[in-house]
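Student:
Numbering (the working numbering), first residue to last: 780 to 1069.
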């Protein structure tokens, strides 16, 4: 098995082990503070994991669909080539929304099962890691990376490739778990976001910003928000409910919030606090290719 001997972001050899997270082989760079799994899974190990352990959800929340519409609204002015890449398209829910809005949608995935599903929905799919697909330079207006970059062992290579395939003025939208989240600080080693080989790179708002800027991007927006009751229960063993499901605590709460103006106001206040102190469960960021 291969191991990182230097930080994947800044190449510093000054690393220290995070003892509370030894089950996921976590180390932190003393120079840039990036946190990552010291072990590098083989392609075969990843193929086995994603073929047997990673289940695609069939549930597409109407609230998530609404959020995707809002994201795409922000990128309408970017359309020039009209091409969008959804990296790690999974169940292809985001791509479905983009297709309906007239985008020409491309996708990447690692398994035949996910590729077949996406192709049936109308995506132009490629199998393999992003850097192995070899899209043309400047090919896309928009690259979308929803809950994907945490699965990557070499994020600098990954973001540099995104930069290459975007046209000048194009954008990348990234969402990823926030290692500085309130829940991670509270649950520590119990926090089930931290697991190997599923997650290999762990970002904070600062380390994600540093990564993208070192790859040539300019920050347009970056927020941390959200706190998951479902995640608390699954991390502490109080529930084995699917994180994304119609009956999860989170989904039930989302529907209540959507229906009541005062709950929406409370949600905005909570998210404002979480973002101000960079404590939200999720980082959501947009960066522009200069």
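Ideal Cβ positions, reconstructed from N, Cα and C, are used throughout, including at glycine.
Who are the near neighbours of residue 909 in its chain, counting only those whose CB is closer than 8 Å to its CB and skipping five residues on each side?
Tutor: Around residue 909: 866, 887, 937, 940, 941.
Student: What are the start and end residues of the beta strand (DSSP E) that includes residue 888?
Tutor: Start and end: 883-888.
Student: In three-state terms, what does DSSP make of residue 797?
Tutor: Looking at residue 797 - three-state DSSP - the assignment turns out to be coil, as it is neither helix nor strand.
Student: What separation, rounded to the nearest whole angstrom, lies between the Cα atoms of residue 800 and residue 826?
Tutor: Cα to Cα, residue 800 sits roughly 24 Å from residue 826.
Student: Name the two residues that bound the continuous alpha helix (DSSP H) containing residue 919.
Tutor: Premise fails: residue 919 lies in the beta strand (DSSP E), 919-925, not in any alpha helix (DSSP H).
Student: Between which two residues does the beta strand (DSSP E) holding residue 956 run?
Tutor: Residues 945-956.
Student: Quick check on DSSP: helix, strand or coil for residue 780?
Tutor: Looking at residue 780 - three-state DSSP - the assignment turns out to be coil, as it is neither helix nor strand.
Student: Does DSSP put residue 1010 in a helix, a strand or coil?
Tutor: In this structure, residue 1010 counts as helix in the three-state DSSP scheme.
Student: Could you give the residue range of the alpha helix (DSSP H) that holds residue 973?
Tutor: Careful: residue 973 lies outside any alpha helix (DSSP H) and carries neither H nor E.
Student: Between the alpha carbons of residue 904 and residue 943, how many angstroms are there, rounded?
Tutor: Rounded to the nearest angstrom, the two C-alpha atoms are 19 Å apart.
Student: Note down, in chain order, each residue of its chain lying with its Cβ closer than 7 Å to the Cβ of residue 949, except the 5 sequence neighbours on either side.
Tutor: Only 857, 919, 920, 921, 1068 meet the Cβ criterion.
Student: Buried or exposed: which applies to residue 806, given that a residue is buried once 16 or more other Cβ atoms fall within 10 Å of its Cβ?
Tutor: Its Cβ being crowded by 16 or more others within 10 Å, residue 806 is buried.
Student: How about residue 844 and residue 876: are their beta carbons less than 9 Å apart?
Tutor: Yes, they are a contact pair.
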